[in-house]
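Trainee: Have a look at the structure that comes next, please.
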Amino acid sequence: MTPDEVLKHEPKILSDEQRRFYFDHGYLLVANAVPPEWIERLLTTTDEMVERSRALTQSDAVFDLEPGHTAQNPRLRRLSTPVDHHPEYWAFASESVLADIAADLVGPDVKFHHAKLNFKWAEGGEEVKWHQDITYWPHTNYSPLTIGTYLHDVDEDQGPLAVIPGSHKGDLYDQYNENGDWVGCIAQRELGGISLDTVDYLLGPAGSVTIHNCRLIHGSKKNLSPKGRPLLLNAYSAADAFTYTYNPINSPEHSGKIVRGQPARWARHDPRPCLVPPDWSGGYTSLYAMQQEENWTAKQ
Numbered sequence: 005m006t007p008d009e010v011l012k013h014e015p016k017i018l019s020d021e022q023r024r025f026y027f028d029h030g031y032l033l034v035a036n037a038v039p040p041e042w043i044e045r046l047l048t049t050t051d052e053m054v055e056r057s058r059a060l061t062q063s064d065a066v067f068d069l070e071p072g073h074t075a076q077n078p079r080l081r082r083l084s085t086p087v088d089h090h091p092e093y094w095a096f097a098s099e100s101v102l103a104d105i106a107a108d109l110v111g112p113d114v115k116f117h118h119a120k121l122n123f124k125w126a127e128g129g130e131e132v133k134w135h136q137d138i139t140y141w142p143h144t145n146y147s148p149l150t151i152g153t154y155l156h157d158v159d160e161d162q163g164p165l166a167v168i169p170g171s172h173k174g175d176l177y178d179q180y181n182e183n184g185d186w187v188g189c190i191a192q193r194e195l196g197g198i199s200l201d202t203v204d205y206l207l208g209p210a211g212s213v214t215i216h217n218c219r220l221i222h223g224s225k226k227n228l229s230p231k232g233r234p235l236l237l238n239a240y241s242a243a244d245a246f247t248y249t250y251n252p253i254n255s256p257e258h259s260g261k262i263v264r265g266q267p268a269r270w271a272r273h274d275p276r277p278c279l280v281p282p283d284w285s286g287g288y289t290s291l292y293a294m295q296q297e298e299n300w301t302a303k304q
């Protein structure tokens, strides 16, 4: 659906002003969107997952570990496909306000694509360099969006999500380096043409959600504060958006499920081209590992 077509549908959660802001700027911050009861459930679940990670000495297909991770001092960068590893994560992705928010922005028929939990650990949690999501997992159209849920209060010192307003309307950038290796971020040489002086840092209390379109340029600084910044990310699309490359964060049970409305009978194709990523079917590490150009491989 076009934005005008989406706006013809009565919203479930968002105001029309918020929807228009998203369509114009490519992102949205909604403070206190998730009830405290859900945040408590997610924090309890996440503590369980951190406990599981203590036994690991290196990253695998589930846990992406920071250098220096130990059983005594666990330091995680990412939990991949959390919806596969605890039922609470899938309940949140499919039953909470998140899918309703997605419906307000892509139309009433909503498809789940993937989930991940980025930790941004205290006192050194790594930066995420400027990048665009859709070239990791191309679709037939550009309806996909990612909704991030802040599990703790987030201020400017914790490496909050940073976005370039309106960049979803511009070009898609090459995310390969000069040697033809996928690094999953925009080359330094390209940044001169991007309006970095317009960056918006999305701050908010626990329960706030960030929403960004799949074409939007975004990233985050290191977390040098004494407080962690776990951000639970769930990606959705309109039901008429179909993937045509392997999903690097695939959930065999949940990816592609319709979480609101009905399946599409017709695919919608956006005429704008999309950069094609590597074939992830043989394994995927993580955005962090590739942006840091680390030499490790996790098999799924």
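According to our numbering, the sequence shown is numbered sequentially starting from 5. Every residue, glycine too, gets a C-beta built ideally from N, C-alpha and C. Please read these numbers as outputs of a predicted model, since none were measured by experiment.
#1: With a threshold of 7 Å on Cβ separation, who are the neighbours of Ile43 within its own chain once the five nearest residues in sequence on each side are excluded?
#2: Taking 8 Å as the threshold, find out whether the segment 184-204 comes into contact with the segment 226-240 through three or more Cβ pairs.
#3: Would you mind sorting Lys12 into buried or exposed? The rule is 16 or more other CB atoms within 10 Å of its CB.
#4: Going by beta carbon distance, what residues of the same chain come within less than 7 Å of Lys303, once the five residues before and after it are set aside?
#5: What residue from Pro148, Asp185, Tyr140, Val132 has the CA that sits closest to Leu165's CA?
#6: Can you tell me which of the three DSSP states Tyr1 falls into?
#7: Taking Asp51 as part of the alpha helix (DSSP H), name the residues at either end of that continuous run.
#8: Closer than 6 Å by C-beta to Glu92: which residues in its own chain qualify, once you throw out the five before and the five after it? Chain order, please.
#9: Rounded to whole angstroms, what is the Cα-Cα separation between Thr61 and His73?
#10: Output needed for Asp20: all residues of its chain with C-beta closer than 8 Å, excluding positions within five of it in sequence on either side, in chain order.
#11: Return helix, strand or coil for Phe96, following the three-state DSSP convention.
#12: Counting along the chain, where does the alpha helix (DSSP H) carrying Leu109 start and finish?
Mentor: Let me lay it out:
#1: Mapped onto the sequence shown, residue 43 falls at position 39. In chain order, Leu155, Ala210, Gly211 place their CB closer than 7 Å to the CB of Ile43, counting only its own chain and leaving out the 5 sequence neighbours on each side.
#2: By the criterion of at least three beta-carbon pairs nearer than 8 Å, the segment 184-204 is not in contact with the segment 226-240.
#3: Taking the sequence shown and counting its residues from 1, one reaches residue 12 at position 8. With fewer than 16 other Cβ atoms within 10 Å, it is exposed.
#4: To locate residue 303, count along the sequence shown from 1; it is residue 299. Any reading at Lys303 is ruled out, since the residue's pLDDT is 33, under 50, leaving its predicted position unreliable.
#5: Residue numbering aside, residue 165 sits at position 161 when the sequence shown is read from its first letter. Among Pro148, Asp185, Tyr140, Val132, the Cα nearest to that of Leu165 belongs to Val132.
#6: The requested residue 1 does not occur in the structure, where the chain is confined to residues 5 to 304.
#7: Within the sequence shown, numbered from 1, the residue matching residue 51 stands at position 47. Asp51 -> alpha helix (DSSP H) spans 40-57.
#8: Counting from one through the sequence shown, the residue named residue 92 turns up at place 88. Here Glu92 has Arg45, Thr49 as same chain residues with Cβ atoms under 6 Å from its own Cβ, once five neighbours each way along the sequence are excluded.
#9: Start at 1 with the first residue of the sequence shown, and residue 61 comes out as number 57. Start at 1 with the first residue of the sequence shown, and residue 73 comes out as number 69. Spanning the two alpha carbons is a distance of roughly 7 Å.
#10: The sequence position of residue 20 within the sequence shown is 16, counting from 1. For Asp20, same chain residues with a beta-carbon under 8 Å away, outside a window of 5 residues either side, are Leu11 in chain order.
#11: Translated into positions along the sequence shown, residue 96 becomes position 92. The answer is helix: DSSP assigns Phe96 an H, G or I state.
#12: Position 105 of the sequence shown holds residue 109. Leu109 -> alpha helix (DSSP H) spans 101-110.
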